[in-house]
Structures are given as structure tokens and as C-alpha cells.
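Quick note: the sequence shown, position 19, residue 18 per numbering that gives the first Met the number 0, numbers continuous.
Comments concern the structure below.
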Amino acid sequence: MMKTVVIPIMKNWYPLLNHELMHQEMEDDQIQMKFVDRYFDFCAGEENKKMSFEDEGKCSEKVKEIVADYLPDDFYLVEQHDQELVDQLNELFDVDQDGYLSRSEFKKVFYCYLRIGFQKLIDSGIVQDDVSSAISSLATKIPEIMNSDEAKSYFEEHRRLYQILQMRFNKVRLENLFKNVEPTSRGMTKFYVKLMDEFSDFAAEVYQDY
Numbered sequence: 000m001m002k003t004v005v006i007p008i009m010k011n012w013y014p015l016l017n018h019e020l021m022h023q024e025m026e027d028d029q030i031q032m033k034f035v036d037r038y039f040d041f042c043a044g045e046e047n048k049k050m051s052f053e054d055e056g057k058c059s060e061k062v063k064e065i066v067a068d069y070l071p072d073d074f075y076l077v078e079q080h081d082q083e084l085v086d087q088l089n090e091l092f093d094v095d096q097d098g099y100l101s102r103s104e105f106k107k108v109f110y111c112y113l114r115i116g117f118q119k120l121i122d123s124g125i126v127q128d129d130v131s132s133a134i135s136s137l138a139t140k141i142p143e144i145m146n147s148d149e150a151k152s153y154f155e156e157h158r159r160l161y162q163i164l165q166m167r168f169n170k171v172r173l174e175n176l177f178k179n180v181e182p183t184s185r186g187m188t189k190f191y192v193k194l195m196d197e198f199s200d201f202a203a204e205v206y207q208d209y
């Protein structure tokens with residue numbers, strides 16, 4: 000589906016966007032994408048603003064291995080390597096066709112692709128006006144999952160991880176994160192990036208402590 004549907008849609012719609020307006024809205028909404036900066040810092044070093052797609056691919060595999068080390072033994076990251084898909088994604092993000100992935104390019108391009116994706120979900124009726132209340136309800140559901148019997152049995156051996164989760168994803172913080180999400184491509188993109196940044200902060204804290 001990625002190769003035959005999603006990527007062609009992104010390619011077709013990207014040139015039609017008002018990029019100047021979108022980048023201004025990105026700035027107005029204070030879109031930071033800390034998760035992108037952390038990824039670049041880890042893969043290329045804090046001083047580097049770009050990296051080759053080959054280096055990015057190697058680093059991506061390394062990140063997957065690190066993530067797998069923190070997952071329960073019965074949780075598998077099954078993913079078959081698809082070079083054709085990798086090449087298509089690289090082409091999608093290499094807008095200036097210089098063969099490199101840069102921080103600023105990735106942020107702006109990724110933002111625009113998110114806007115396209117969410118607009119398509121809205122147009123197709125998958126994302127509707129009631130999405131705001133559905134998202135808000137997660138502030139209650141997530142703590143319930145974290146405190147379920149299944150989760151508690153796992154956290155018995157991972158007390159520090161449980162403490163970090165309780166601190167970062169308690170009901171008060173989640174209510175603040177999930178409130179007033181606008182059911183528009185701009186609003187959903189803003190929410191998605193905030194969520195990714197939050198998970199990035201969580202991952203950085205776990206990686207540092209463990």
C-alpha cells in the first residue's frame with residue numbers, strides 16, 4: 000500500500016501545495032520536531048546538518064535494534080527489508096535531489112506530507128469532527144492500560160520504566176496534550192508532532208536511565 004497508494008499520492012500532491020503558507024503555519028504553531036533533531040544528533044552528530052541516505056539507513060537499523068532491547072520478550076519487531084520501498088521514501092524526502100537528508104529539509108517536507116495525509120483522511124471520512132473527543136478520551140484510557148494487571152506484571156521488573164511512564168503520561172499531562180485538537184489537517188499535524196516529540200522525550204529519558 001505504501002508503494003502503490005501512499006507514496007504516489009504524496010508525490011502528486013506535494014507540488015500543488017502552497018509551501019510558503021504551510022511553512023509559515025508551521026512556524027506560527029511552533030512546530031519543533033524535537034524527534035527529528037534527536038535522530039540527527041544520534042545518527043550524524045549534533046554539529047552535522049545533513050547525512051547521506053546510506054548512513055541514515057544504517058542508523059535506522061541500529062535504532063531498531065536498540066528499541067527491540069527495551070521491548071518485552073514476547074514483542075517482536077517483524078519487518079522485512081524492502082529496498083524498493085526504501086529507495087522510494089528516500090526520493091520522496093530528497094526534494095532538492097542532492098542525495099542527502101538535511102534537518103531543515105526533512106522537517107519542512109515531513110510537515111507538508113503530514114498535512115497531505117491528514118487532509119486525505121479527512122476527505123475520506125476516516126478523520127471526522129468527533130475525533131477531538133476520541134483523542135481526549137485517551138487521557139483516561141492510557142493510564143488505565145498502564146495500570147492493568149498485564150502491565151503491572153511486566154513493570155514489576157522494570158520499576159524505573161514504570162516511574163518514567165507515570166511521570167510523563169499521567170492523566171493531567173495527557174489531558175493537556177490531548178485537549179483542543181482541531182479536526183483539520185493543520186490541527187491534526189500539530190497534534191501528531193506534539194505526540195512524537197513527547198515520545199521522543201520519553202525515549203531519551205529511558206535511554207539515559209537504562
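We treat Cβ as the ideally placed atom computed from N, Cα and C, and that holds for glycine.
### Query
What residues match up with Leu100 in a beta bridge as DSSP calls it?
Numbered from its first residue, the sequence shown carries residue 100 at position 101. BP columns for Leu100 point to Met50.
### Query
Buried or exposed: which applies to Leu20, given that a residue is buried once 16 or more other Cβ atoms fall within 10 Å of its Cβ?
The residue you call residue 20 lines up with position 21 of the sequence shown. Result: exposed.
### Query
For Lys10 versus Leu113, is the C-beta spacing smaller than 9 Å?
For the purposes of this step, residue 10 is taken as the residue at position 11 of the sequence shown. For the purposes of this step, residue 113 is taken as the residue at position 114 of the sequence shown. Not closer than 9 Å, so no.
#### Entry: Continuous alpha helix (DSSP H) stretch holding Val85: start and end
Position 86 of the sequence shown, counted from the start, is the residue given in the question as residue 85. Taken as a continuous stretch (DSSP letters only), the alpha helix (DSSP H) holding Val85 covers Gln82 to Phe92.
### Query
Val5 and Gly124: beta carbons closer than 9 Å?
Against the sequence shown, residue 5 aligns to sequence position 6. Against the sequence shown, residue 124 aligns to sequence position 125. No, these two residues do not count as a Cβ contact at 9 Å.
### Message
Assuming Asn11 is part of the alpha helix (DSSP H), what are its boundary residues?
### Response
Mapped onto the sequence shown, residue 11 falls at position 12. Run containing Asn11: Ile6 to Trp12, per the alpha helix (DSSP H) assignment.
### Task
Would you kindly check if the distance between the Cβ of Ser147 and the Cβ of Val180 is under 9 Å?
Taking the first residue of the sequence shown as 1, we reach residue 180 at position 181. Taking the first residue of the sequence shown as 1, we reach residue 147 at position 148. Not a contact, by the Cβ cut-off of 9 Å.
### Same chain, Cβ closer than 7 Å to Val126, neighbours up to 5 away in sequence not counted
Against the sequence shown, residue 126 aligns to sequence position 127. Taken in chain order, the residues that qualify are Phe117, Leu120, Pro182 and Met187.
### Query
Leaving out five residues before and five after Asp36 in sequence, what residues of the same chain have Cβ atoms less than 8 Å from its Cβ?
Reading the sequence shown from its first residue, position 37 is the one you call residue 36. Arg102, listed in sequence order.
### Query
What is the rounded straight-line gap between the Cα of Arg158 and the Cα of Gln96?
Against the sequence shown, residue 158 aligns to sequence position 159. Against the sequence shown, residue 96 aligns to sequence position 97. Arg158 and Gln96 have their C-alpha atoms some 47 Å from each other.
#### Entry: C-beta atoms of Asp196 and Met32 nearer than 9 Å
What you label residue 196 is simply residue 197 of the sequence shown in a count that begins at 1. What you label residue 32 is simply residue 33 of the sequence shown in a count that begins at 1. Cβ distance < 9 Å, so Asp196 and Met32 count as in contact.
### Phe41 and Val62 closer than 9 Å at C-beta
For this step, residue 41 is matched to residue 42 along the sequence shown. For this step, residue 62 is matched to residue 63 along the sequence shown. Yes, the pair counts as a contact, with Cβ atoms nearer than the cut-off.
### Task
Identify the continuous alpha helix (DSSP H) that holds Gln23 and give its terminal residues.
Locating residue 23 in the sequence shown gives position 24, counting from the first residue. Per DSSP, Gln23 belongs to the alpha helix (DSSP H) from His18 to Asp27.
### Query
Where do the N-terminal and C-terminal ends of the alpha helix (DSSP H) with Val126 fall, by residue?
The sequence position of residue 126 within the sequence shown is 127, counting from 1. Counting along the chain, Val126 falls outside any alpha helix (DSSP H), and DSSP gives it neither H nor E.
### Message
Using 8 Å for Cβ pairs, my map puts Met145 next to Phe168. What's the rounded Cβ distance?
### Response
Working through the sequence shown from its first residue, we reach residue 145 at position 146. Working through the sequence shown from its first residue, we reach residue 168 at position 169. With a Cβ gap of about 7 Å, Met145 and Phe168 count as contacting.
### Task
Note down the Cα distance separating Cys154 from Gln162, rounded to an integer number of angstroms.
Along the sequence shown, read from residue 1 onward, the residue named residue 154 stands at position 155. Along the sequence shown, read from residue 1 onward, the residue named residue 162 stands at position 163. Note on identity: in this sequence residue 154 is Phe, with Cys being the wrong assignment. If I take the Cα positions, the gap works out to 9 Å.
### Runs of alpha helix (DSSP H) wholly within the segment 131 to 205 (minimum 4 residues, chain order)
137 to 145, 148 to 154, 158 to 167 and 170 to 177
### Task
Could you check the C-alpha separation between Glu143 and Ile30 for me, to the nearest Å?
Residue 143 sits at position 144 when you count from the first residue of the sequence shown. Residue 30 sits at position 31 when you count from the first residue of the sequence shown. Looking at the two C-alpha atoms, the distance is approximately 30 Å.
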